[in-house]
Structure formats: C-alpha cells, structure tokens
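Peer 1:
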Amino acid sequence: MAILEAKNLTFSYPDGDRCALEDISFAVNPGEFVLLLGPSGSGKSTLLRLFKREIAPHGRREGEILFRGKPLERTDKMLAAKKIGFVFQDPENQIVMDHVLDELVFGLENMGMETDEMRKRVAEMAHFFGIHPLLDKEIHHLSGGQKQLINLASVLLMGPDVLLLDEPTAQLDPVATKDFLHIIKRMNEEFGLTVLLAEHRLDEVFPLADRVLFLERGKLLLDEPPKRALCRM
Ligand code: ADP
Ligand code: ADP
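For what it's worth, the numbering used here labels the leading residue of the sequence shown as 11, then goes sequentially.
1) Between the alpha carbons of E177 and G154, how many angstroms are there, rounded?
2) Judging by CA-CA distance, which residue of L145, C241, L218, R242 is the nearest neighbour of G41?
3) Mind listing, in chain order, the residues whose beta carbon lies closer than 5 angstroms to a non-hydrogen atom of ligand 1?
4) Taking only three categories from DSSP, how would you classify F201?
5) Check whether the Cβ atoms of N39 and A66 sit closer than 8 angstroms, and answer yes or no.
6) Start and end of the beta strand (DSSP E) containing R70?
7) From the DSSP output, in three-state form, read off G95 for me.
8) Less than 8 angstroms between the beta carbons of V44 and L166, yes or no?
9) Once the 5 residues before and after D233 are set aside, which same chain residues still bring their CB inside 6 angstroms of it?
10) Return the CA-CA distance between E148 and I34, expressed in angstroms with no decimal places.
11) For the beta strand (DSSP E) that I105 lies in, which residues bound it at each end?
12) Look up R129 in the DSSP assignment and give the residues it is bridged to.
13) Please confirm whether L76 and L111 have their CB atoms less than 8 angstroms apart.
14) Taking the C-alpha atoms as reference points, what is the distance between K229 and M243?
15) Pick out whichever of K80, K157, G202 has its Cα sitting closest to the Cα of D220.
16) Can you give the beta carbon distance from N18 to E72, rounded, assuming they're within the 8 angstroms contact cut?
17) Contact criterion: CB-CB distance below 8 angstroms. Does V222 meet it with respect to chain D?
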C-alpha cells in the first residue's frame, strides 16, 4: 500500500489568480525516493504544506490526501507529526533551541522518552551523521550547512517513516549540499526511509531518485523513473 497519496488534489489560495495545484494524483510507496521537480511557483511548496496540513483552512481544497490509505485529516495529529517528517529551506525557522544537544533531544523529551534511551538514540544518530564534534556547540556558531544537518538529525530522531523536504539545500554551499543529500540517500537505502524531495535544480539530486514528478503551473506533467524523465524534460 502507498504510504502517501494525493488523489485529484486541487488547491487555490484565497487571493490566488489561478489554482496553485490542479487535479494532482500520485502515490509514494514505502522506501521510494521521489523527486518533486518544477520551476519556482509551480506548486511544490503548496503540495508539501498540504501534506503538513498547514494551509488547508485558508484556501479551497478538493481531492484527498491519504497517509497509509487513510485520509490525513482522520489520522491522529500526534502520530502524523511523528511519522511524517519535514525539512524546509531555512533551518533557522525550524530550530528551537540554542544548543545542539538540546535541539536534538527536544522532540524526544516531548515524547516522554527515558533519559538513557534518549542518550543512546542521540549517540547513534550523531555517529551516523558524523556530528559528534558539534554536540556541545551553540547553534549560532554553526555554519548554514551544519545547522541544516542538525535540523535534519532532530527530525529523523523522531523516527519518521516518510520525510518531505522543500529545497533543503537551497542555502547551502556545494560541499554541504553533497553531505546533506548523501545522508538522506543513506537513510533511504539503509533504513528504508521514504523520501519526497522538492527541488528546482536537477544536477545534484537526479541520480538519487527512483522516480521523478514534474510540476508546472500547478499541473503534474510527469511521473516517471529519472532516466525516462530526463528525455522528456
Ligand atoms: P514552488 O514551491 O514550486 O515555488 P509554490 O507552491 O510556492 O511553488 O507556489 C505555487 C503558486 O501559488 C504560485 O503561483 C505562488 O505565487 C502561489 N502562492 C504560494 N503561496 C501563496 C500564498 N500564501 N498566497 C497566495 N498565493 C500563493
Ligand atoms: P518557494 O519557491 O520556496 O515556495 P516562495 O518564494 O514561492 O517560496 O514563497 C515564499 C513565501 O511567500 C511562502 O510562505 C508563500 O506562501 C508566500 N507566497 C508565495 N507566493 C505568494 C503570493 N502570490 N501571494 C502571497 N504569498 C505568497
């Protein structure tokens, strides 16, 4: 069964002059790495924000969003928040604490996890990410790339089944971009993390994907494996 699915999804903003999304249907299967491509303004962020249930009340929405076959509105909010992780362009908007370690344990503490288990998980994640040297640092001393890595690590510590990312490397330099994407791909390959990654640049991300969705002016023009998509774009 698909883990995430959009069925005839249409959305318009209250003040929009056209539909931001028009009759979009696609399904993401568990363990897939799906690339959501499209020029600026094509509707990528709108789509991801609908999966986050962020903008639905303000606009007009038709169609359905399903998480594991069940309408997202009828999925428990806490469960959805844990199982569907989000990473946005600017880590500053997502990071809540001043120190790296506090940021990493923040979500786990809120879940009521025991201290020993929390320490173990953070240590494992820090090892996987290679971020041990950052653990005792203040966030504002980190580079943009390091901030985004900490942001990603704290999202992944919650143990999501599916990760949605909206141009997460837009503000990163090429080396930090490569490191960031490498970690996402390893999480996908080694732990079966399902990934839906929105990007407007092709070069870095194209080889990572199992499938490519291409949006233009709110319409889904392509849903193909990357090799075929490349010939048609
Ligand atoms: P992308 O992420 O691909 O750049 P967006 O989802 O941000 O695209 O935008 C899709 C369309 O919706 C664009 O025409 C954009 O101007 C419009 N839009 C996005 N956010 C809003 C908003 N808050 N209010 C009105 N229109 C919006
Ligand atoms: P992105 O391309 O990363 O989606 P945008 O620059 O399109 O980012 O949008 C940045 C912010 O501006 C978003 O919060 C979006 O909702 C808002 N926005 C985008 N287009 C419009 C619009 N036409 N009217 C009002 N708000 C908009």
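No residue lacks a Cβ here, since even glycine has one placed at the ideal position from N, Cα and C. This structure is a prediction, so every number in the text was calculated from the model and none was measured.
Peer 2: From the atom records:
1) Annotation: E177 to G154 spans about 14 angstroms, alpha carbon to alpha carbon.
2) G41 has its Cα closest to that of L218, out of L145, C241, L218, R242.
3) With the cut-off at 5 angstroms, the residues found are Y23, G26, A30, S50, G51, S52, G53, K54, S55, T56.
4) DSSP places F201 in the helix class (H, G or I) of the three-state scheme.
5) The answer is no: Cβ separation not under 8 angstroms.
6) Counting along the chain, the beta strand (DSSP E) containing R70 begins and ends at 70 to 77.
7) strand
8) In this structure, the beta-carbon distance from V44 to L166 does not fall below 8 angstroms.
9) F36, L223
10) 42 angstroms
11) Taken as a continuous stretch (DSSP letters only), I105 belongs to no beta strand (DSSP E), as it is neither H nor E.
12) In the DSSP output, where bridge partners are listed per residue, R129 has none listed.
13) no
14) 14 angstroms
15) G202
16) 7 angstroms
17) Note that chain D does not occur in the displayed structure, where there is just one protein chain.
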